Amino acid sequence: MHHTLDIQDLHFSYPDGRVALRGVSLFINPGEKTALVGPNGSGKSTLLLHLNGILRGEGEVHVCGKELTDDSLRQIRALVGLVFQDPDDQLFSQSVYEDVAFGPLYMGLPKEELEQRVRQALEDVGMAGSETRVPHHLSEGEKKRVAIATVLSMDPEVLVLDEPTAGLDPRGRRELIQLLRGLPQTMLVATHDMRMVAELFERTVIIDEGQVVGDGQTAQILAEPHLLARHGLEAP
Amino acid sequence: MHIDLTDQYQHRESLIHHLDPRVKVVVTLFFILVVGLVRHGSWIAFGALFLGVLGYAAASRLGMFYAVRRSFIAIPFLLAAAPLPFIIPGPTLISFPALNLTISEPGTIRFVSIMLRSFIAVQAGILLAATTPFPDLVWAMCSLRIPRPLVAVIAFMYRYIFVLADEVIRLMRARAARSPEIPGKGKPSLLWRGRVTGSMVGSLFLRSLDRSERVYGAMASRGYDGEMRTYSTFQMRGADWISLIVFSLLILGSLSLMFLR
Amino acid sequence: MLFSPTPLHIPDGFLSIGVSVVGWILAVVFIGIALRQTKDQLGERQVPLMGVIAAFIFAAQAINFPVAAGTSGHLLGGTLAAIVLGPWAGTLVMTAVIAVQALLFQDGGLLAMGWNIMNMGVITTFTGYAVYMLVIRFLGPTTRSRLIGGFVGAWLSVIVSASAAAIQLAISGTSPLHLGLPAMAGVHAIIGLGEAIITVGAIGLLQASRPEVLTTGETAPGKRTATFTLVGLLVALAVAAFSPLASARPDGLEFIAELQGFLGLAQGPSFELMPDYTLPFLSDPVLTTMLAVAVGTLVVFGLAWLIARSSVHRGTVRD
Ligand SMILES: Nc1ncnc2c1ncn2[C@@H]1O[C@H](COP(=O)(O)OP(=O)(O)OP(=O)(O)O)[C@@H](O)[C@H]1O
Ligand SMILES: [Mg+2]
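Laid out in C-alpha cells, this is it:
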C-alpha cells in the first residue's frame, strides 16, 4: 500500500482546552485528489498539521503504510509535503533558492542533486529563474507557487495543502489549479474555494466541529444542498 | 503595502560588488578599528582615511559622495562631546568673558577629532551595507565563525522585519482611522495614548509568537532538526586575496601618517 | 522610514579602542552563555522563535505615540522581551536587533556594538527583569504587581543603561562624567516613561488575552543567574565609574584632565616619530581598571552561574 493516507479515530485538543478534533477517521487512496471542506474553525488546519506530526493527537496516523511514531517522524516528514496557509510562514529564508533547498538540505542530499531538485521544483511551478529573488518581493501568487516548490523539491509522495487559492486573483488562481492538476501526488487540500473543488477534486470530505460529516464523490456531495447548507457551505 | 528596507543595498557592476563578502566585512572592521586608533589631531591621517572612503565609494560606482550624503546619523550624538572644548584646560582659542566660558585648543582638537572619527567610520558602515546584499553579509558572518544560531536568528529577523513592518503599518493606520480630532473636544490623555500604543505592541507580540510557531512548523515539516545548515556560496579567488592585501596595506599606510607632521 | 535613531545607540568614534574592546569581550561572553541557555530553554524553536521576536522588537520600536512638541514616545523593548521570554532569550533577541540596526542602518557603530549590546541587550533586559520579578515576589503574582513591576522595571532599565553609556563615554574621554551622567540619566528618565507606559500597556493586553505567555517568561531559566549577574554588573559599573574619580577629587574637570594625562593626549601635536609611542590600549591605567573589572565581573558571574546550575540540577532531580 503506497502513497496512502490513513487516519483512525483522531482526537486532539489545544493546550488551552479547546477540542479541535473529535474522532476523525479518513482513508485516502493512492493518487487520489481529495478536497477537505468545512466552515471556519471546523478543524481543517488542525487535521492537516497531524499528517506529518507537527501536532500529535490521540489516534493513529499512517502515511504510505507507515505508522507515525517518534521513530518514523523524520521519515514521514520526507514523505508528506505540507504547505501552510500563509506563504510568509512557509518561506522563511532570505532567497527563493535557499527556501526551496531547505528540505533537500536536511535530507542530506549531495550538492549536485540538491541543485537539480531545486531547479526542477521551480520549473514545475513555473518559477524558473527566480532563485535569487527575495521572498518578500514576490507577489502573492508567486509566493504560493514557490511555497509549493519548497515541498516539491523534497519529492514527496503525498501533498497536503492548506487553502492554496486563498488571496489569489483570478489568473493566479487559474494557474494554481492548472499546476495542481498536473501533479501526480496523492493530495489532500483544505479549501473554501468550492469552484475549485468542483473542478479539480474527484472526492470531497466535509468536516465540522472536528468530525467528518460527509465523504463521497464530489459530484454527489455537491448535489446535496441540505448537507452543504447544514455545514455552512454552498455549491458553486 | 511593502516597505523597502533593502534599498540599503545598491546594485552596481563594480569590482567591489563582486568581492567575496568576507573581504568586505574584514576590511570594513579593520578600517573602523584604525579610524579609532588615529590620535587626536592627526589631521593628515584623518584626511587619508577620508580619501580612502571617497575612493572606495567611487570604485563601487556609487558616486564619490554617496556615503557622505548619508553620514549625518551620528550628529545628535555629538551633543555628548560638545562640552569638551569648554572644559579641557589648555591654551585658549576663543573666550567669552561675558559668559565666563573659554574654548581651549586641546579641547577643540579633541572634539573635532571625535567628530571626524565618527563621520569617517559611519561611512565605512554605509558602504559595506550599500555594496553587499544582506544575505551575503549573513553568509560572511557565518563563515567568519560567528556562532551559527546567532547568525540564523539575525537572518530570520531580517526576513520577518518586512512581514511585521507591514503589520505595524496596518495597525497604525487602523489607529489613525479611529482617532478623529474634533475641534473643541479635548484629546485623550497622554497616559491613555501610551497604553493604547502598548496594547498594539502587545497584540503584535501575540501575532509574532503565533507566527514563530507556524514558521517552526514549516521548518520541522521539512526536516529541520535544530541545527542550522548552510552551503558554501563564495570561494576566495585571487582577486579577493589581492584586494584584501591591498586594502589592508592602504589602511595601515594611512594609519602610519599620524606619525608625520 | 520605519526606524528612528535613539540616543542609546553609540556610534563609532565616541568610544576609545580600549573601552570598545572591553565591551566586545563582555558581549561575547554574555552572548555565548545566552546561546547555550536559550538552546536548553527553547530547543528546536530557538532560531525561529527568537528570529521572529527580534523582528517584532524591531517593528515595535516603530510604533510610537506623539508626546509633545514633535517628540514621540517609543519602545526599546529590552524589558518587555525579558518579561515574555526570560532574560537570556531577551539578551539574544536584543543582540540581533542591535546587530541589524548597526549593519543595515548604521544606527550604532560596529566597534561600539559590544557596549551597545551590553547596554541595550544585557543591562536593560537584566535590570528590567530583575525588578519585575522582585516586585512580583513581594506583591504576589497578580495583575497589579505585574503592571507595577513592568512599569518600574522598564523605567529603571532605560535609566540604568543610559547611565552605563554615560560612564563608557566618560572613560573614553568623550564626555565629562559630571555633565554626561546627569544629562543622560535625566533625559532617559523622561524617555523611560514612554518605555514604561508602553510596556505596561503590552503586559495589560497579554494578561487579559493570553496570561500563560507571562508565566512562561516568569518561569524561564536564568532567574538566579540574572540576579547575580545584575548585581555583579552594577558593582562593576560603579567601580569602573568611580575608580578614576576616587583617586582624584571627584570633579569632572580634574577627571578629564587626568584622563588626558593617562592617554598622552594633552601634549601638543607631536613633531617626532614618537619612539615610545604605544598603542593606547596597552599602557592605559583606565583600561587596566576596566580589564580588572571585566575579569572580576566574569568571576562573579561564573560563580553565580555555577551556583545556579547546581541548584537547577537539584531541582530537576527532585521533579
Ligand atoms: N493554536 C491554537 N490554540 C488554541 N485553539 C486553536 C489553535 N488553533 C486553532 N484553534 C481552534 O481549534 C479549532 C479548529 O481550528 P482550525 O484552525 O483547525 O480550523 P479551520 O477549519 O482550519 O478553520 P479556517 O477555515 O478558519 O482556516 C478552532 O476552534 C480554533 O479556534
Ligand atoms: Mg485553517
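These protein sequence lines map, in sequence, to chains A, B and C.
Residue numbers for the first sequence, in the numbering used here: 31 to 266.
Residue numbers for the second sequence, in the numbering used here: 548 to 808.
Residue numbers for the third sequence, in the numbering used here: 728 to 1046.
Virtual Cβ for every residue (Gly too), placed ideally from N, Cα, C.
The structure presented is a predicted model; accordingly, all values stated were derived computationally and were not measured.
Residue i at chain B interface by Cβ criterion, 9 Å
i	result
A/M31	Reliability fails at A/M31, whose pLDDT of 46 lies under 50, so the model's placement of it is uncertain and the value that follows must be treated cautiously. Not one chain B Cβ lies under 9 Å of A/M31.
C/L838	yes
A/F122	yes
C/G778	yes
A/A131	yes
A/L152	no
C/P948	no
A/L144	yes
A/S43	no
A/N14	Outside the shown range of chain A (31 to 266) lies residue 14 of chain A, about which nothing can therefore be said.
C/T851	no
A/L112	yes
A/R104	yes
Whole-Å CB distance - residue i paired with residue j, under 8 Å assumed
i	j	result
B/V700	C/V774	6 Å
C/F832	B/A627	With a Cβ gap of about 20 Å, C/F832 and B/A627 do not count as contacting.
B/G637	B/S651	4 Å
A/V54	A/Q241	7 Å
A/L135	B/R740	A/L135 to B/R740, Cβ: 47 Å. No contact.
Residue-chain proximity (residue i, chain C), Cβ-Cβ < 9 Å
i	result
B/R657	yes
B/I789	no
B/Q557	no
B/T575	yes
B/I701	yes
B/R608	no
B/R617	yes
Under 9 Å between C-beta atoms of residue i and residue j
i	j	result
B/L756	C/V827	no
C/S888	C/H915	yes
C/E922	C/T818	no
B/A702	C/G745	no
C/M821	C/A829	no
A/F122	A/P165	yes
A/R52	A/N82	no
A/I207	A/T234	no
Chain A within 9 Å of residue i, Cβ atoms only
i	result
B/D772	yes
B/M766	yes
B/Y707	yes
B/Y603	no
B/R761	yes
B/F681	yes
B/V698	no
B/R754	no
Cross-strand partners of residue i (DSSP beta bridge)
i	result
A/M217	A/K63 and A/L189
B/G785	B/G785 is not bridged to any residue.
A/T76	Looking at the DSSP assignment, A/T76 forms no beta bridge with any residue, so it has no partner.
B/L640	Note: B/L640 sits in no beta bridge, so no partner.
A/D100	DSSP output for A/D100 lists no bridge partner at all.
A/H41	A/R52 and A/E88
A/G242	The residue asked about is misnamed: residue 242 of chain A is Val in this sequence, not Gly. DSSP, once it has assigned bridges, lists A/I237 as partnering A/V242.
Status (buried if at least 16 other CB within 10 Å, exposed otherwise) for residue i
i	result
A/Y44	exposed
B/R616	exposed
B/M783	exposed
B/L566	buried
A/R211	exposed
C/L1033	For C/L1033, the pLDDT reaches just 49, beneath the cut-off of 50, and the residue's location in the model is therefore unreliable, although a value from the coordinates is still provided. Looking at its Cβ environment, which holds fewer than 16 other Cβ atoms inside 10 Å, C/L1033 is exposed.
B/N647	exposed
C/D1003	Bear in mind that a pLDDT of 30 at C/D1003, under 50, signals an unreliable position, so the model cannot answer this.
C/P814	buried
B/Y778	exposed
C/S974	Residue confidence for C/S974 is low, a pLDDT of 34 falling below 50, so the modelled location carries little weight; the figure read from the coordinates is stated next. Result: exposed.
A/N59	exposed
C/A1035	Caution is warranted here: a pLDDT of 41 is assigned to C/A1035, below 50, making its placement in the model unreliable, and the coordinate value is therefore given only provisionally. Burial call: buried.
C/A786	buried
C/D739	buried
B/E560	exposed
C/R976	Because C/R976 sits at a pLDDT of 34, beneath the cut-off of 50, its placement in the model cannot be relied upon, and the following sentence gives the value as read from the coordinates. So C/R976 ends up on the exposed side.
Any non-hydrogen atom of ligand 3 closer than 8 Å to residue i Cβ
i	result
A/T76	Ligands in the displayed structure: ligand 1 and ligand 2; ligand 3 is not one of them.
Proximity test, Cβ basis, 9 Å: residue i and chain F
i	result
A/T180	Here chain F cannot be found, since the structure's protein chains are A, B and C.
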